[in-house]
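A short worksheet on the structure shown next.
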Amino acid sequence: MSNDNIISIKNASIFQQDTLVLKDIDLEISKNEFVYLIGKVGSGKSSLIKMLNAEIPLNNGTANVVGYEMSKIKRRQIPYLRRHIGVVFQDFQLLTDRNIKANLEFVLKATGWSKKNKISERIKEVLDKVGMIDKILKMPNTLSGGEQQRVVIARALLNNPPLILADEPTGNLDPETSEEIIKVLQEISKKECAVVVATHNYNLLKSFPSRTIKCENKIITEIDKKKNVIDFEII
Amino acid sequence: MKKNNDKIALRRLRSSYATTVVSITLVLFLVGIVGILALTSKQLSDYVKENINVTVMLKDNVKDVDVKYIQKNLDASSFVKSTKYVSKDEAAKELQEELGEEFTDFLGYNPLLSSIDVKVYADYANVDSLAVIEKQLLKNSQVKEVFYQKSLIQLVNENVKKISFFFLVFSGLLFLISITLINNTIRLSVYSKRFIINTMQLVGATRSFIRIPFLGKSILQGFISAVLAIGLLIIVIYYLQQEAYEIVSFSDLRLISALFIIVIIIGILISLISTFFSVNKYLKIKSHNLYL
Chain A
2 MSNDNIISIK NASIFQQDTL VLKDIDLEIS KNEFVYLIGK VGSGKSSLIK
52 MLNAEIPLNN GTANVVGYEM SKIKRRQIPY LRRHIGVVFQ DFQLLTDRNI
102 KANLEFVLKA TGWSKKNKIS ERIKEVLDKV GMIDKILKMP NTLSGGEQQR
152 VVIARALLNN PPLILADEPT GNLDPETSEE IIKVLQEISK KECAVVVATH
202 NYNLLKSFPS RTIKCENKII TEIDKKKNVI DFEII
Chain B
105 MKKNNDKIAL RRLRSSYATT VVSITLVLFL VGIVGILALT SKQLSDYVKE
155 NINVTVMLKD NVKDVDVKYI QKNLDASSFV KSTKYVSKDE AAKELQEELG
205 EEFTDFLGYN PLLSSIDVKV YADYANVDSL AVIEKQLLKN SQVKEVFYQK
255 SLIQLVNENV KKISFFFLVF SGLLFLISIT LINNTIRLSV YSKRFIINTM
305 QLVGATRSFI RIPFLGKSIL QGFISAVLAI GLLIIVIYYL QQEAYEIVSF
355 SDLRLISALF IIVIIIGILI SLISTFFSVN KYLKIKSHNL YL
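Those protein sequence lines, which keep their order, are chains A and B. Quick note on our numbering: the first sequence kicks off at 2 and runs consecutively. Quick note on our numbering: the second sequence kicks off at 105 and runs consecutively.
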């Protein structure tokens, strides 16, 4: 990883099953940054996030993500890349067959933690950060959407990743809960890591302004911070 | 209320395991039944063959000493399973019962001959061997005739061959069906977890780490199913032992335990292999194909 960049993409294009989704991507995201990724449905936000998470391959250009070169990454390395990336999904994706504690336990055990007391200590720490400590023994389906999303954020934090990717984290939530979730994510970005949030919830951008990147017509453009506030309707 | 929900979710999970276990159990039970049939098929065919009667007709006015001598000789020979002396009077009685008429009365005498009913061992119950035996018996001057149904013996032997062949084909078919059924059941249960498998990959679990609990569970599942199937088989064996002890006996415990071990191995192997391939399928699949 050169200097402080968590992500640095050069000249990359992303394909979703042979269809070009984004081209000429040049993007750098450094430590502790909070970045919005906006654009219409189908504009390639999710594809960009999926490329960063190695869910879809990078064919052209180079992209360095938390120290891994995405154009050369091998299948065996992918799990290790993902240990440096926390992921938050629109549909939460908790393991529905076990309770919250076991959900977090699974991630820790999968990423090489073996000591029981350290595991339960870490679980309590992250659940405390998102204010969900009292739900530790609940099954995911008994929690509300906002609560599940908090747990997912806690899960993303487990391994102290330098990067958190959130693909429409508020897509299934009401406006108030959405704001809470974004607040939690912004706080995390200040203290711990870079956060990339793909969203089409522009109200959030108004309430919690930050660096914003727009996907449109198969390219990405940085939105000027000063203009940002004024040109909202154009977006 | 919420606690209740938790319980319901857990119960649903357990019942899905139970369904898988029950289906595997039933299939293994069928496999075991085929195994029992295979173990007893020789006994069954022997039973039929050894019930074929070879009647040695003795000359009229044969002496008791001669009868005993012939019977003893027969008993001593390697091909004879059992002999039974039927005297003139006994033969007449039997015939009378069959006819329902006192035929000796109007005939004025008993025309029947005394005979020895011989049952030969299954290995000798074929036309060739019986011809040799017949020749040997006829050497004795007291033997008038040796009588057996050649066509029946041929028929029995042919049918045993046919039945064994069909049985072999049938058990092969059943084995295929059982593999397919177990495979389908397991694939379905893994399919229901495809999203969980995908999530596990996204949070940084390696393929083998995801696979191991599935495989462990599949071994347990196969083992439990096999044990249950063996329980059912023991009931069947007990029942057969009670009801058909003349025909089949399960005195050879080694064979039975070998069968049980095979059932356990088949249960575990099929469960393990199909779980391995189904989990791998969903480990390799791209996430946007999960919804298909």
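For glycine and all other residues, C-beta sits at the position ideal for the given N, C-alpha and C. Please read these numbers as outputs of a predicted model, since none were measured by experiment.
- Using a Cβ distance threshold of 8 Å, alanine 111/A and methionine 304/B count as a contacting pair.
- Exclusion of the five residues before and after glutamate 223/A leaves Ile214 as the residues of its chain whose Cβ lies within less than 7 Å of its Cβ.
- Alanine 103/A has its alpha-carbon roughly 52 Å from the corresponding atom of glutamine 346/B.
- Arginine 123/A is outside the set of residues whose beta carbon lies under 8 Å from a beta carbon in chain B.
- Asparagine 157/B and tyrosine 228/B have their C-alpha atoms spaced approximately 12 Å apart.
- Around leucine 96/A, the same chain offers Asn104 and Phe107 as residues with beta carbons nearer than 7 Å, after the five sequence neighbours per side are excluded.
- The secondary-structure analysis by DSSP pairs leucine 38/A across a beta bridge with Ala199/A and Ile214/A.
- Under the 8 Å criterion on CB atoms, asparagine 218/A is classed as non-interfacial with respect to chain B.
- Taking a beta-carbon distance threshold of 8 Å, leucine 306/B counts as an interface residue toward chain A.
- For the pair leucine 166/A and isoleucine 189/A, the CB atoms are not nearer than the 8 Å cut-off.
- C-alpha of glycine 335/B to C-alpha of valine 135/B: approximately 13 Å in a straight line.
- The beta carbon of leucine 387/B lies closer than 8 Å to those of Ile301, Gln305, Arg311, Ile314 and Arg315 in the same chain, with the five residues before and after it left out.
- Annotation for lysine 191/A: the continuous alpha helix (DSSP H) segment containing it runs 176–192.
- Using beta-carbon distances, alanine 309/B counts as an interface residue toward chain A, with a partner under 8 Å.
- Those residues of the segment 124–155 of chain B placed with their C-beta closer than 8 Å to a C-beta in chain A do not exist.
- Counting along the chain, phenylalanine 251/B sits inside no alpha helix (DSSP H); it lies in the beta strand (DSSP E) bounded by residues 247–251.
- In the DSSP assignment, glutamine 17/A falls within the beta strand (DSSP E) that extends over 6–17.
- In terms of beta-carbon proximity, isoleucine 300/B lines the interface with chain A, with at least one pair separated by less than 8 Å.
- When secondary structure is reduced to three states using DSSP, glycine 308/B falls in the coil class, being assigned neither helix nor strand.
- Only those residues of the segment 307–340 of chain B whose C-beta falls short of 8 Å from the nearest C-beta of chain A are listed: Val307, Gly308, Ala309, Thr310, Arg311, Phe313 and Ile314.
- As computed with DSSP, leucine 164/A is found in a beta bridge with Ile86/A and Ala195/A.
- If you draw a 10 Å sphere on the C-beta of leucine 21/A, you find fewer than 16 other C-beta atoms in it, and that means exposed.
- Between the segment 195–204 of chain A and the segment 121–132 of chain A there are fewer than three inter-stretch CB-CB distances shorter than 8 Å, so the stretches are not counted as touching.
- Taking a beta-carbon distance threshold of 8 Å, arginine 151/A does not count as an interface residue toward chain B.
- The alpha-carbon of glutamate 180/A is positioned some 17 Å away from that of lysine 191/A.
- Lysine 41/A counts as exposed, since fewer than 16 other beta carbons sit within 10 angstroms of its beta carbon.
- Listed by position along chain B, the residues whose Cβ is nearer than 8 Å to that of valine 88/A are Leu306 and Val307.
- Against chain A, a Cβ distance below 7 Å from threonine 303/B picks out Gln94 and Leu96.
- Straight-line measurement puts the Cα of aspartate 150/B at about 32 Å from the Cα of glutamine 200/B.
- The beta carbon of serine 391/B sits closer than 8 Å to some beta carbon of chain A.
- One thing to note: proline 163/A has its Cβ no nearer than 8 Å to the Cβ of isoleucine 57/A.
- Secondary structure note for asparagine 261/B: its alpha helix (DSSP H) is the uninterrupted segment 254–295.
- The C-alpha of glutamate 350/B lies about 45 Å from the C-alpha of leucine 319/B.
- Taking glycine 147/A as the centre and dropping the five residues before and after it, the same chain places the C-beta of Leu174 and Thr178 closer than 6 Å to its C-beta, in chain order.
- Contact of glutamate 56/A with chain B by beta-carbon distance below 8 Å involves Leu306, Lys390 and Ser391.
- Considered as a whole, the segment 71–122 of chain A harbours 86–89 as its complete beta strand (DSSP E) runs of no fewer than 3 residues, in chain order.
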